[in-house]
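Here the structure comes first, spelled out in C-alpha coordinates, and everything after it is commentary.
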Amino acid sequence: MIRVMVVDDHNLVRQGIEAILEKAHDMELVGSAEDGQQALDVMARVPADVVVADIAMPRLNGIQMMRGMAKSGSQARVVILSMYSDETLVRQALKCGACGYLLKSSVTEELLLAVRAAYRGKVYISPEVSRAVLDDFPTASSGGSNFAERLTSREGQVLQLVAEGHSNTEIGNILSLSAKTVEKHRATMMKKLGASDLPSLIRIAMKHRLIFPED
30 MIRVMVVDDH
40 NLVRQGIEAI
50 LEKAHDMELV
60 GSAEDGQQAL
70 DVMARVPADV
80 VVADIAMPRL
90 NGIQMMRGMA
100 KSGSQARVVI
110 LSMYSDETLV
120 RQALKCGACG
130 YLLKSSVTEE
140 LLLAVRAAYR
150 GKVYISPEVS
160 RAVLDDFPTA
170 SSGGSNFAER
180 LTSREGQVLQ
190 LVAEGHSNTE
200 IGNILSLSAK
210 TVEKHRATMM
220 KKLGASDLPS
230 LIRIAMKHRL
240 IFPED
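Numbering follows the working numbering, in which position 2 of the sequence shown is assigned residue number 31; successive positions increment by one, without gaps.
In C-alpha coordinates:
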(Lines of atoms letter the chains of each structure in order from A and count residues from 1; the text may use other names and numbers.)
(Lines give C-alpha, C1' and ligand atoms only; values in the text may rest on other atoms or scores of the structure.)
Protein backbone atom coordinates (compact mmCIF):
# COMPACT_ATOMS: atom_id res chain seq x y z
CA MET A 1 0.00 0.00 0.00
CA ILE A 2 1.15 3.51 -0.80
CA ARG A 3 1.04 5.63 2.36
CA VAL A 4 -0.18 9.11 1.41
CA MET A 5 -0.45 12.41 3.27
CA VAL A 6 -2.49 15.42 2.09
CA VAL A 7 -1.47 19.01 2.82
CA ASP A 8 -3.79 21.90 1.94
CA ASP A 9 -5.07 24.87 3.93
CA HIS A 10 -8.58 24.68 2.45
CA ASN A 11 -10.69 22.12 4.30
CA LEU A 12 -13.03 21.30 1.42
CA VAL A 13 -10.16 20.82 -1.03
CA ARG A 14 -8.21 18.68 1.41
CA GLN A 15 -11.23 16.53 2.21
CA GLY A 16 -11.96 16.10 -1.50
CA ILE A 17 -8.42 14.89 -2.18
CA GLU A 18 -8.60 12.55 0.79
CA ALA A 19 -11.86 11.06 -0.51
CA ILE A 20 -10.25 10.34 -3.88
CA LEU A 21 -7.23 8.66 -2.31
CA GLU A 22 -9.29 6.58 0.11
CA LYS A 23 -11.16 5.00 -2.81
CA ALA A 24 -7.92 3.81 -4.43
CA HIS A 25 -7.31 0.12 -3.71
CA ASP A 26 -3.53 0.56 -3.45
CA MET A 27 -3.38 3.68 -1.26
CA GLU A 28 -3.70 4.38 2.44
CA LEU A 29 -4.32 7.86 3.84
CA VAL A 30 -1.96 8.16 6.82
CA GLY A 31 -2.24 11.85 7.65
CA SER A 32 -3.28 15.35 6.70
CA ALA A 33 -2.18 18.88 7.52
CA GLU A 34 -3.33 22.46 6.97
CA ASP A 35 0.09 23.95 6.19
CA GLY A 36 3.71 23.05 5.58
CA GLN A 37 4.82 23.38 9.20
CA GLN A 38 2.06 21.15 10.46
CA ALA A 39 2.94 18.67 7.72
CA LEU A 40 6.56 18.50 8.89
CA ASP A 41 5.37 17.91 12.45
CA VAL A 42 3.07 15.08 11.34
CA MET A 43 5.74 13.50 9.12
CA ALA A 44 8.10 13.36 12.08
CA ARG A 45 5.61 10.99 13.74
CA VAL A 46 3.84 9.27 10.86
CA PRO A 47 5.85 7.90 7.89
CA ALA A 48 4.45 8.63 4.43
CA ASP A 49 5.57 7.45 1.00
CA VAL A 50 3.97 10.28 -0.97
CA VAL A 51 2.83 13.75 0.11
CA VAL A 52 0.20 15.54 -2.00
CA ALA A 53 0.59 19.23 -1.20
CA ASP A 54 -0.56 22.67 -2.25
CA ILE A 55 2.00 25.42 -2.73
CA ALA A 56 0.20 28.53 -1.45
CA MET A 57 -0.26 27.90 2.27
CA PRO A 58 0.19 29.98 5.44
CA ARG A 59 3.10 29.63 7.88
CA LEU A 60 5.14 27.37 5.60
CA ASN A 61 4.31 27.05 1.90
CA GLY A 62 4.85 23.98 -0.25
CA ILE A 63 8.31 25.01 -1.47
CA GLN A 64 9.49 25.73 2.07
CA MET A 65 7.96 22.46 3.25
CA MET A 66 10.02 20.50 0.72
CA ARG A 67 13.19 22.25 1.87
CA GLY A 68 12.30 21.32 5.43
CA MET A 69 11.76 17.71 4.37
CA ALA A 70 15.16 17.60 2.71
CA LYS A 71 16.79 19.07 5.80
CA SER A 72 15.14 16.50 8.06
CA GLY A 73 16.13 13.62 5.79
CA SER A 74 12.57 12.67 4.87
CA GLN A 75 12.33 10.05 2.12
CA ALA A 76 8.72 10.92 1.23
CA ARG A 77 8.12 12.03 -2.34
CA VAL A 78 6.03 15.10 -3.08
CA VAL A 79 3.31 15.70 -5.66
CA ILE A 80 2.32 19.35 -5.93
CA LEU A 81 -1.35 20.06 -6.58
CA SER A 82 -1.70 23.78 -7.24
CA MET A 83 -3.83 26.41 -8.95
CA TYR A 84 -0.63 28.05 -10.24
CA SER A 85 0.89 26.97 -13.57
CA ASP A 86 3.54 29.61 -14.25
CA GLU A 87 7.03 28.46 -15.19
CA THR A 88 8.85 30.04 -12.24
CA LEU A 89 6.79 28.12 -9.72
CA VAL A 90 6.99 24.79 -11.54
CA ARG A 91 10.77 25.10 -11.83
CA GLN A 92 11.10 25.92 -8.13
CA ALA A 93 9.02 22.89 -7.21
CA LEU A 94 11.00 20.53 -9.45
CA LYS A 95 14.30 21.90 -8.25
CA CYS A 96 13.23 21.33 -4.64
CA GLY A 97 12.57 17.69 -5.46
CA ALA A 98 8.89 17.47 -6.37
CA CYS A 99 8.08 14.25 -8.25
CA GLY A 100 4.85 15.60 -9.67
CA TYR A 101 3.11 18.85 -10.51
CA LEU A 102 -0.62 18.94 -11.21
CA LEU A 103 -3.17 21.72 -11.50
CA LYS A 104 -6.23 21.62 -9.27
CA SER A 105 -8.31 21.35 -12.42
CA SER A 106 -6.81 17.90 -13.06
CA VAL A 107 -9.11 14.90 -13.22
CA THR A 108 -9.21 12.26 -10.49
CA GLU A 109 -7.34 9.60 -12.46
CA GLU A 110 -4.48 12.00 -13.16
CA LEU A 111 -3.93 12.54 -9.43
CA LEU A 112 -3.79 8.79 -8.84
CA LEU A 113 -1.36 8.35 -11.74
CA ALA A 114 0.90 11.05 -10.28
CA VAL A 115 0.90 9.47 -6.82
CA ARG A 116 1.74 6.04 -8.23
CA ALA A 117 4.49 7.50 -10.42
CA ALA A 118 6.02 9.37 -7.48
CA TYR A 119 5.94 6.19 -5.38
CA ARG A 120 7.98 4.44 -8.10
CA GLY A 121 10.46 7.32 -8.20
CA LYS A 122 9.15 8.69 -11.49
CA VAL A 123 8.13 12.26 -12.31
CA TYR A 124 4.60 13.08 -13.48
CA ILE A 125 3.83 16.55 -14.85
CA SER A 126 0.32 17.57 -15.85
CA PRO A 127 -0.05 18.02 -19.63
CA GLU A 128 -1.63 21.37 -18.83
CA VAL A 129 1.69 22.67 -17.54
CA SER A 130 3.73 24.39 -20.24
CA ARG A 131 6.07 22.01 -22.10
CA ALA A 132 8.62 24.81 -22.20
CA VAL A 133 9.08 24.41 -18.45
CA LEU A 134 10.29 20.83 -18.88
CA ASP A 135 12.40 21.66 -21.93
CA ASP A 136 14.18 24.45 -20.10
CA PHE A 137 14.38 22.89 -16.65
CA PRO A 138 17.86 21.29 -16.91
CA THR A 139 19.40 24.72 -17.52
CA ALA A 140 16.98 26.80 -15.52
CA SER A 141 19.35 27.10 -12.58
CA SER A 142 22.33 28.27 -14.61
CA GLY A 143 21.55 31.95 -14.13
CA GLY A 144 22.42 33.99 -11.06
CA SER A 145 19.04 35.57 -10.43
CA ASN A 146 17.28 32.77 -8.55
CA PHE A 147 15.65 34.81 -5.81
CA ALA A 148 14.49 31.75 -3.88
CA GLU A 149 18.10 30.68 -3.28
CA ARG A 150 19.00 34.05 -1.81
CA LEU A 151 16.93 33.42 1.31
CA THR A 152 17.52 30.88 4.04
CA SER A 153 14.71 28.57 5.12
CA ARG A 154 14.15 30.67 8.25
CA GLU A 155 14.04 33.89 6.24
CA GLY A 156 11.46 32.31 3.96
CA GLN A 157 9.31 31.48 6.97
CA VAL A 158 9.57 35.02 8.30
CA LEU A 159 8.78 36.47 4.88
CA GLN A 160 5.63 34.36 4.54
CA LEU A 161 4.39 35.49 7.96
CA VAL A 162 5.24 39.14 7.27
CA ALA A 163 3.18 38.93 4.09
CA GLU A 164 0.28 37.52 6.11
CA GLY A 165 0.33 40.68 8.23
CA HIS A 166 1.84 39.35 11.44
CA SER A 167 3.82 41.71 13.67
CA ASN A 168 7.41 40.99 14.71
CA THR A 169 6.17 39.87 18.12
CA GLU A 170 3.56 37.54 16.61
CA ILE A 171 6.11 36.06 14.20
CA GLY A 172 8.51 35.56 17.09
CA ASN A 173 5.87 33.68 19.05
CA ILE A 174 5.05 31.45 16.07
CA LEU A 175 8.68 30.64 15.25
CA SER A 176 10.05 30.77 18.83
CA LEU A 177 12.25 33.78 18.06
CA SER A 178 12.69 37.14 19.75
CA ALA A 179 11.10 40.17 18.09
CA LYS A 180 14.61 41.59 17.70
CA THR A 181 15.74 38.51 15.76
CA VAL A 182 12.69 38.76 13.52
CA GLU A 183 13.53 42.40 12.79
CA LYS A 184 17.09 41.37 11.86
CA HIS A 185 15.70 38.78 9.44
CA ARG A 186 13.48 41.43 7.85
CA ALA A 187 16.43 43.78 7.40
CA THR A 188 18.58 41.00 5.91
CA MET A 189 15.83 40.00 3.47
CA MET A 190 15.37 43.58 2.31
CA LYS A 191 19.10 43.81 1.62
CA LYS A 192 19.25 40.47 -0.21
CA LEU A 193 16.24 41.25 -2.41
CA GLY A 194 17.07 44.91 -2.98
CA ALA A 195 13.94 46.24 -1.27
CA SER A 196 13.84 49.76 0.11
CA ASP A 197 10.86 49.25 2.42
CA LEU A 198 8.33 46.65 3.51
CA PRO A 199 5.83 47.22 0.65
CA SER A 200 8.59 46.83 -1.95
CA LEU A 201 9.83 43.69 -0.17
CA ILE A 202 6.35 42.18 -0.47
CA ARG A 203 6.05 43.21 -4.12
CA ILE A 204 9.41 41.65 -5.02
CA ALA A 205 8.60 38.48 -3.10
CA MET A 206 5.24 38.09 -4.85
CA LYS A 207 6.74 38.80 -8.27
CA HIS A 208 9.29 36.02 -7.83
CA ARG A 209 6.82 33.62 -6.18
CA LEU A 210 8.58 33.60 -2.82
CA ILE A 211 5.21 34.21 -1.16
CA PHE A 212 1.64 33.86 -2.30
CA PRO A 213 -1.53 35.93 -2.02
CA GLU A 214 -4.53 34.48 -0.22
CA ASP A 215 -6.34 32.23 -2.69
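Heads up, the beta-carbon is just placed ideally off N, CA and C, and yes, glycines get one too.
Presumed contact (8 angstroms Cβ cut-off) between residue i and residue j, rounded CB distance
i    : j    : result
E57  : R32  : 5 angstroms
I84  : L123 : So it is not a contact: roughly 12 angstroms between Cβ atoms.
Q66  : L41  : Not quite, the Cβ-Cβ distance comes to about 21 angstroms (not below 8 angstroms), so this is no contact.
S155 : E139 : 7 angstroms
V158 : V81  : Not quite, the Cβ-Cβ distance comes to about 16 angstroms (not below 8 angstroms), so this is no contact.
E193 : P87  : 6 angstroms
Nearest candidate by alpha-carbon position, reference residue i, set the options
i    : options                   : result
A127 : M98, Q67, N202 and R215   : M98
L132 : I109, A122, K124 and T117 : I109
M30  : A48, R43, E47 and V79     : V79
L180 : R96, G60, P76 and G150    : R96
R120 : I92, L142, M112 and S135  : I92
Residues near residue i by beta carbon distance below 6 angstroms, same chain, minus five either side
i    : result
I233 : L222 and A224
L50  : V33, M56 and L58
A62  : V36, A68 and V71
P167 : Its pLDDT being 46, under 50, P167 is placed unreliably by the model, and nothing is read from it.
H214 : E184 and V187
Y148 : I31, D78 and V79
Residues near residue i by beta carbon distance below 7 angstroms, same chain, minus five either side
i    : result
T198 : A208
Q104 : none
Beta-bridge partners of residue i, as assigned by DSSP
i    : result
I31  : M56
I203 : Per DSSP, none; premise fails for I203.
Y153 : G129
V36  : A62 and A82
Inset, instruction - Please list the segments of the beta strand (DSSP E) lying wholly inside the segment 107–134, counting only runs of 3 or more residues, in order along the chain. - result: Taken in chain order, the whole beta strand (DSSP E) runs of length 3 or more contained in the segment 107–134 are 129–132.
Inset, instruction - Go through the segment 55–114 residue by residue and report every complete run of the alpha helix (DSSP H) that reaches 4 residues or more, in order. - result: 65–72 and 91–101
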